[in-house]
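Take the sequence shown: its letter number 68 is residue 69 in my numbering, and every next letter is one higher.
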Amino acid sequence: MMKQIYERQTLSTAVIDDFSEQLFSLLLEQELDIKEALRLRLAAEEALLYWLKELGECPCSMKLESRFGRKQLVLSAEGKRLDPADAKEDPDLAFGTRTMMNMLGVTFSFSYQKGINSITYILPRKKKLGD
């Protein structure tokens, strides 16, 4: 059973820190490889930090869910349209959002509907014996 991490919080550095810790623990509970768990954790932090910098403290939600048999992480923040993949390189962020995502090998989909930015990361499937 997937767990809700945050349902509608105000985005802040403290919320991002707490979310990051909870996310990492939950990913490991899902038997995700530690390298994959770290990649997703860093990617999520980078996207949330970008939103925080551009949108300020705004309503957000973060959850792990299962859709069509695939587990996914969904991050959302209210405000103007801000796709982290479109962000310019930013010296205040670790490497810039696009560079960070590429370096981590993390892919995601972005959507913007009714004033809500959403990023969905599909978690890798568990490897079978012999893979």
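In this text, a Cβ means the ideal position worked out from N, Cα and C, and glycines have one as well.
The C-beta distance from Leu29 to Leu65 rounds to 12 Å, too long to meet the 8 Å contact threshold.
Annotation: Gln73 to Leu43 spans about 15 Å, alpha carbon to alpha carbon. Your pair Val75 and Ser119 checks out as a contact, with CB atoms roughly 6 Å apart and the cut at 8 Å.
Your pair Ile35 and Glu79 does not check out as a contact, with CB atoms roughly 33 Å apart and the cut at 8 Å.
In the DSSP assignment, Ile123 is bridged to Gln73.
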